[in-house]
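Q: With the first letter of the first sequence counted as 1, position 91 gets the number 97 in my numbering; the numbers rise by one all the way through.
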Amino acid sequence: MLQTNYIRENKTLIIERLKKRNFDAETIISSIIELDDNRKKTQHELDALLAESNQLAKQIGELFKTGKATEANELKAKTTELKEQSNKLKEEQNSINEELLQLLYQVPNVPNEIVPAGKSDADNEIVFSEGEIPTLHDKAVPHWELAKQYDLIDFELGVKITGAGFPVYKGKGARLQRALISFFLDQAVENGYQEIIPPLMINEASGYGTGQLPDKEGQMYYMQADDLYMIPTAEVPITNLYRDVMLKESDLPIKNVGYTPCFRREAGSYGKDVRGLNRLHQFDKVEIVQIQHPDKSYETLDVMVNHVKNLLIKLELPYRVAKLCGGDLGFTSALTFDMEVYSAAQEKWLEVSSISNFETFQANRLKCRFKDNDGKTQLVHTLNGSALALPRILASLLENNQTPEGIKIPKALIPYTGFDMIN
RNA sequence: GGAGAAAUGGCAGAGCGGUCGAAUGCGGCAGUCUUGAAAACUGUUGUACCGCAAGGUACCGGGGGUUCGAAUCCCUCUUUCUCCGCCA
């Protein structure tokens, strides 16, 4: 959520930048400023009324104490009148605030100036790529075939006990999954991140804190009986650790990493690209989250991108980095880099990580601030990135490393798997 | 799940319906003293909104109510603690 003062002071810039998202902000921005003017005006009137009745209440108290009950009762009549007026204003104030908040919720984050304009992922800008695309042997097959052949993942069994999109990992498949999780966590910890195991369910306030609510309400699993949501990513509980928190400048940066299963309803995405591990309702992910000083957040974004690059290099996977265009940029993000690995049997690039700087957009909703060295209160910048999402990594590992003799495990993982070949 | 108690400033902890944004202690900050530090002493020390300012308003877990006036009374929700039951 943007700050109203920021909107006031940067109206034209915001409207211009939001065009990159194909979001026409002109009307809504004007309404926000108008409502905010209104809010100030009403607030002012209300304050004056309350000041007056506070005064009167004091006088009445004095009068009663000195035994002048008649005079006191006269004044009482006046306060009733004042109260009626101030109640009316309070109601007005509440509805203005509510309306203002609803409008603010609708405005996405302002894209960074280097975000390219564009409509969809087709307009994303590939900024970097590394690694060789493997040539597979004649009988190479996609990962879902391999998973079946070597009994690594059972999709049908998942359908039986839960439904589509909830695979069952077995034997070496399960072990490989656990190996990846440990590897990713260890790499993050080595780079100074604190390991966190957060709750897998969140309340409504947390959903609003990081911006999943109200924007993506239908994408989260919701448990009505307890009014809780299953997390769609560890970003939500880990960033919300800092909701309503006042930090010191010396606390920054805060670096946390967490492994969690993630739950996504994926409502509306049927048919395409959903085979095998490509799109699941439940999947595992290691997420890195940083809370940083506003002056340093873009530097940090680069560091995080490099962290993920290194993971992919160690896994020996060909990858590329895409700078998301305005049309593909998440609602809360100011700048996002997607990391994609090449899945050789499917012959396509799969998104395995998304690394974003949210600037103050989340911090404003979260009320996560810090006292700077001059004693002034400022909003922090929040960032996060997958490091990494497991299923598509697994898919490309299986596909790219298949040989007629079996599937080779990359060196970096062998200490974690305990085997170097699936056969 | 049942019964009871509680929730106050960074922390601890007072608070009779009006003089309470809130005693006191600790902590923090500034100063005096000291070669320096400690101790002692003095002062200062919450957040948000409106306002150029003076100042005003709101906030004592959240929401609602009673009252001219609520930290204080009532209702409700949440959380914590104690006891009982169940349980990985």
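Note that beta-carbon positions come from the ideal geometry of N, C-alpha and C, so glycine has one too.
Distance check for Asn407 and Ile413, CA to CA, integer angstroms please.
A: Roughly 5 Å separates the two Cα atoms.
Q: Straight-line CA distance for Ile428 to Arg285?
A: Those two C-alpha atoms are separated by around 24 Å.
Q: Indicate the three-state DSSP secondary structure (helix, strand or coil) for Gly282 in the structure shown.
A: Residue state, collapsed to three classes: coil.
Q: Return helix, strand or coil for Gly336, following the three-state DSSP convention.
A: Reduced to three states, the DSSP call for Gly336 is coil.
Q: If we ignore side chains and look at the alpha-carbon of each, how far apart do Ala328 and Asp334 end up?
A: If I take the Cα positions, the gap works out to 11 Å.
Q: Do three or more CB pairs link the stretch 24 to 43 to the stretch 88 to 100 at distances below 8 Å?
A: Result no; under three Cβ-Cβ pairs closer than 8 Å.
Q: Between which two residues does the beta strand (DSSP E) harbouring Gly177 extend?
A: Note, Gly177: premise wrong, no beta strand (DSSP E); alpha helix (DSSP H) at 177 to 196.
Q: For the alpha helix (DSSP H) holding His143, just list the boundary residues, first then last.
A: No alpha helix (DSSP H) holds His143; DSSP gives it neither H nor E.
Q: Taking the continuous beta strand (DSSP E) assigned at Tyr265, which residues delimit it?
A: It spans 260 to 269 - the beta strand (DSSP E) in which Tyr265 sits, taken as one unbroken run.
Q: Check the C-beta distance from Leu191 over to Val309 and give it rounded, since I have them as a contact under 8 Å.
A: Actually they are not in contact, since the Cβ atoms of Leu191 and Val309 sit about 18 Å apart, beyond 8 Å.
Q: So is Lys166 buried or exposed if we call it buried at 16+ other beta carbons inside 10 Å?
A: Lys166 comes out exposed.
Q: State the Cα-Cα distance for the pair Ala350 and Asn197, rounded to the nearest angstrom.
A: Approximately 30 Å, taken between the alpha carbons.
Q: With a threshold of 16 other CB atoms inside 10 Å of the CB of Gly452, please say whether the residue is buried or exposed.
A: Past the boundaries of the shown model lies residue 452; the chain is included only from 7 to 429, so the question cannot be answered.
Q: Which class does Met236 belong to by DSSP, given the choice of helix, strand or coil?
A: In this structure, Met236 counts as strand in the three-state DSSP scheme.
Q: Please report the Cβ distance between Gln288 and Gly169, rounded to the nearest whole angstrom; I am assuming they are in contact, meaning their Cβ atoms lie under 8 Å.
A: In fact, because the Cβ distance is near 10 Å, the residues do not count as touching under 8 Å.
Q: Pick out whichever of Glu51, Cys374, Leu356 has its Cα sitting closest to the Cα of Met7.
A: The shortest C-alpha separation from Met7 is found at Cys374.
Q: Given the structure, does Asp344 come close to the ligand MG, in the sense that its CB is under 7 Å from one of the ligand's heavy atoms?
A: Here there are no bound small molecules, and the ligand MG is not part of this structure.
Q: Where do the ends of the alpha helix (DSSP H) carrying Ile294 lie?
A: First-last for Ile294: 288 to 298, but that is the beta strand (DSSP E), not the alpha helix (DSSP H).
Q: Rounded to whole angstroms, what's the CA-CA distance from Arg270 to Pro238? Just pull it up for me.
A: Whole-angstrom Cα-Cα distance: 5 Å.
Q: Among Asp344, Ser339, Leu186, Asn246, which has the Cα closest to the Cα of Pro421?
A: Checking every option, the nearest Cα to that of Pro421 belongs to Leu186.
Q: Need the endpoints of the beta strand (DSSP E) that Phe376 sits in, please.
A: Per DSSP, Phe376 belongs to the beta strand (DSSP E) from 374 to 377.
Q: Apply the 10 Å Cβ neighbour rule to Leu163 and answer buried if 16 or more other Cβ atoms are within range, or exposed otherwise.
A: Classification of Leu163: exposed, given that the 10 Å Cβ count is below 16.
Q: Starting from Ser359, trace the beta strand (DSSP E) in both directions and tell me its first and last residue.
A: Residues 354 to 363.
Q: From the DSSP secondary-structure annotation, give me the bridge partner or partners of Ala211.
A: Answer by DSSP bridge pairing: none, since Ala211 is not bridged.
Q: Kindly confirm or deny that the stretch 218 to 230 and the stretch 254 to 261 touch, where touching means at least three C-beta pairs closer than 8 Å.
A: Cβ pair count under 8 Å is below three, so no.
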